[in-house]
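Undergrad: Residue numbers (the numbering used here): 156 to 431. Once you've had a glance at the structure underneath, I'll fire off some questions.
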Amino acid sequence: MEAVRRTLRPLVEGQGIRCVHVFHPIATKPQSAPELVRKVHGRAIRAVERKGKYLWLALDNGGLVTLHFKLDGQLLWFANGRELLKRANADVAHAGVHVDVAFELDKGVLGFADRRHFGRVQYWENEASCPGLAVLGVDALSKEFTADKLGELLSLSKRPLKEFLLDQSRIAGIGNIYSCESLWHARLNPLRRAYTLSQGQARRLHKAIVSVLRRALECCLHPAPDFRDPEWWFQGLEKIIRAYDREGKPCRRCGEVIRRISQGGRSTYFCGRCQR
DNA sequence: CCTGCTACCTGATGGC
DNA sequence: TGCCATCAGGTAGCAG
Numbered sequence: 156m157e158a159v160r161r162t163l164r165p166l167v168e169g170q171g172i173r174c175v176h177v178f179h180p181i182a183t184k185p186q187s188a189p190e191l192v193r194k195v196h197g198r199a200i201r202a203v204e205r206k207g208k209y210l211w212l213a214l215d216n217g218g219l220v221t222l223h224f225k226l227d228g229q230l231l232w233f234a235n236g237r238e239l240l241k242r243a244n245a246d247v248a249h250a251g252v253h254v255d256v257a258f259e260l261d262k263g264v265l266g267f268a269d270r271r272h273f274g275r276v277q278y279w280e281n282e283a284s285c286p287g288l289a290v291l292g293v294d295a296l297s298k299e300f301t302a303d304k305l306g307e308l309l310s311l312s313k314r315p316l317k318e319f320l321l322d323q324s325r326i327a328g329i330g331n332i333y334s335c336e337s338l339w340h341a342r343l344n345p346l347r348r349a350y351t352l353s354q355g356q357a358r359r360l361h362k363a364i365v366s367v368l369r370r371a372l373e374c375c376l377h378p379a380p381d382f383r384d385p386e387w388w389f390q391g392l393e394k395i396i397r398a399y400d401r402e403g404k405p406c407r408r409c410g411e412v413i414r415r416i417s418q419g420g421r422s423t424y425f426c427g428r429c430q431r
């Protein structure tokens, strides 16, 4: 999401929103689509911000449009309204592309698409009024996320490390892939209870989280996303992945077979020998 | 407060 | 081929 924010910023910052289209109203649920259109029409985009996995357009009236991609959401970019209306939800043979919501700006059109319809585009009067945003803990890429802060959070939780890392209300921005990867790098077993870590282990985990996220961000920015291509997806992430989705393959550190278990309804991949 | 379960959707993949 | 089960980068809402 940070790579998306950085790429999107120069495209939209400072631009006026001339027209809002909601092609699939499910994308604004439980908010009403006409209300989103009414509130956002004619406003200007002051900034593009992010916390955890929430991305938002900060508007000139203090309001915001939050974009949450869930599992499959993505941004699209069209040259103008004519191109948008020609291609949005049209036949693939006619360069059609699935679009849920679109914002016609002074120069270009920003689209939001999620065929699975988990993702959301919503309007809020201020940051505090968006519940999902309000409950987020410290952002994992922020300077407030220090080793001491992580140590303190760990000491307050009895949950297994893997579930602890996925809890956005403690640390925001770590998902299933990066939690597996961080624990692999820190050589910590995902089933370990958070509060049982020593200070040294907490520092190791902090270092692992930060380095995994920084390297993933570098990866996702080179090359940067091209929102004009609806097929676009992050390139080169595979080359930094060490444990995720490697069930049955050898651990890249010790050679033991990577295991897959279920924790909190999600898959966890780890090495049972070198992660302790 | 905390934890665990289910729902929300669509599409890809693999076994038979 | 078809059919069915399972899986997917996330969160919200609910019961206990």
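Here a beta-carbon is modelled for each residue, glycine too, at the ideal position from N, C-alpha and C.
Do you know how far the Cα of V256 is from the Cα of D227?
TA: Here residue 227 refers to the residue found at position 72 when the first sequence is read from its first residue. Here residue 256 refers to the residue found at position 101 when the first sequence is read from its first residue. Each residue's alpha carbon lies about 15 Å from the other.
Undergrad: Would you mind working out which of A302, V293, R342 sits nearest L321, comparing C-alpha positions?
TA: Within the first sequence, residue 321 is the residue found at index 166, counting from 1. When only C-alpha atoms are compared, the closest one is V293.
Undergrad: Between the C-alpha atoms of H272 and I181, what's the straight-line distance to the nearest angstrom?
TA: In the first sequence, residue 272 corresponds to position 117, counting from 1. In the first sequence, residue 181 corresponds to position 26, counting from 1. H272 and I181: Cα-Cα distance of roughly 7 Å.
Undergrad: Locate the alpha helix (DSSP H) running through A289, then write down its first and last residues.
TA: Residue mapping note: residue 289 aligns to position 134 of the first sequence, counting from 1. Taken as a continuous stretch (DSSP letters only), the alpha helix (DSSP H) holding A289 covers 286-289.
Undergrad: Classify K241 as helix, strand or coil using the three-state DSSP reduction.
TA: The residue you call residue 241 lines up with position 86 of the first sequence. K241: helix per DSSP, three-state reduction.
Undergrad: Buried or exposed, going by whether 16 or more other CB atoms sit within 10 Å of the CB of S284?
TA: As a first step, residue 284 is located in the first sequence; it is residue number 129 there, counting from the start. It is exposed - the Cβ of S284 has fewer than 16 other Cβ atoms within 10 Å.
Undergrad: For the alpha helix (DSSP H) that contains Y333, what are its first and last residues?
TA: Counting from one through the first sequence, the residue named residue 333 turns up at place 178. Note, Y333: alpha helix (DSSP H), 331-340.
Undergrad: Can you tell me whether DSSP reads V355 as helix, strand or coil?
TA: Position 200 of the first sequence, counting from 1, holds the residue named residue 355. Checking the sequence shown, residue 355 turns out to be Gly, not Val. Correct three-state label for G355: helix.
Undergrad: Please report the straight-line C-alpha distance between R347 and H176, rounded to a whole angstrom.
TA: Reading the first sequence from its first residue, position 192 is the one you call residue 347. Reading the first sequence from its first residue, position 21 is the one you call residue 176. Approximately 48 Å between the Cα atoms of the pair.
Undergrad: Put D294 into one of helix, strand or coil per three-state DSSP.
TA: For the purposes of this step, residue 294 is taken as the residue at position 139 of the first sequence. Note: D294 maps to strand in three-state DSSP.
Undergrad: Taking the DSSP output, what are the residues bridged to R275?
TA: What you label residue 275 is simply residue 120 of the first sequence in a count that begins at 1. R275 is bridged to H223.
Undergrad: Using a Cβ-Cβ cutoff of less than 7 Å, which residues in the same chain neighbour K194 once the five nearest sequence positions on both sides are dropped?
TA: In the first sequence, residue 194 corresponds to position 39, counting from 1. Counting only Cβ-Cβ distances below 7 Å, and skipping sequence neighbours, we find G218, Y278.
Undergrad: Taking C-beta to C-beta, are M156 and R198 nearer than 9 Å?
TA: Stepping through the first sequence from its first residue, residue 156 is reached at position 1. Stepping through the first sequence from its first residue, residue 198 is reached at position 43. No, these two residues do not count as a Cβ contact at 9 Å.
Undergrad: At 3 residues or longer, what runs of the beta strand (DSSP E) sit wholly inside the segment 355-379?
TA: As far as the segment 355-379 is concerned, it has no whole beta strand (DSSP E) run of at least 3 residues.
Undergrad: Tell me which residue opens and which closes the alpha helix (DSSP H) that F319 is part of.
TA: Position 164 of the first sequence, counting from 1, holds the residue named residue 319. F319 -> alpha helix (DSSP H) spans 316-321.
Undergrad: Distance check for L296 and P385, CA to CA, integer angstroms please.
TA: Translated into the one-based positions of the first sequence, residue 385 becomes position 230. Translated into the one-based positions of the first sequence, residue 296 becomes position 141. One C-alpha to the other measures close to 27 Å.
Undergrad: Please report the straight-line C-alpha distance between L309 and G207, rounded to a whole angstrom.
TA: The residue given as residue 309 occupies position 154 in the first sequence. The residue given as residue 207 occupies position 52 in the first sequence. Distance between the alpha carbons of L309 and G207: 18 Å.
Undergrad: Buried or exposed: where does E299 fall if 16 or more other Cβ atoms within 10 Å of its Cβ makes it buried?
TA: The residue labelled residue 299 in the question sits at position 144 within the first sequence. Exposed.
Undergrad: Is it the case that the segment 231-239 contacts the segment 182-193, given that we only count it when at least three CB pairs across the two stretches are under 8 Å?
TA: Judged by Cβ distances under 8 Å, the segment 182-193 makes no contact with the segment 231-239, as fewer than three pairs qualify.
Undergrad: Expressed to the nearest angstrom, what Euclidean distance is found between the alpha-carbon atoms of A363 and L343?
TA: Position 208 of the first sequence, counted from the start, is the residue given in the question as residue 363. Position 188 of the first sequence, counted from the start, is the residue given in the question as residue 343. Approximately 10 Å, taken between the alpha carbons.
Undergrad: What are the boundary residues of the beta strand (DSSP E) that includes G169?
TA: Counting from one through the first sequence, the residue named residue 169 turns up at place 14. Where G169 is concerned, there is no enclosing beta strand (DSSP E), given that its DSSP letter is neither H nor E.
Undergrad: How would you label N281, buried or exposed, when you count the other beta carbons within 10 angstroms and need 16 or more for buried?
TA: Mapped onto the first sequence, residue 281 falls at position 126. The residue is exposed, with fewer than 16 neighbouring Cβ atoms inside 10 Å.
Undergrad: What's the gap between the Cα of E307 and the Cα of L352?
TA: Against the first sequence, residue 307 aligns to sequence position 152. Against the first sequence, residue 352 aligns to sequence position 197. Cα-Cα distance, rounded: 11 Å.
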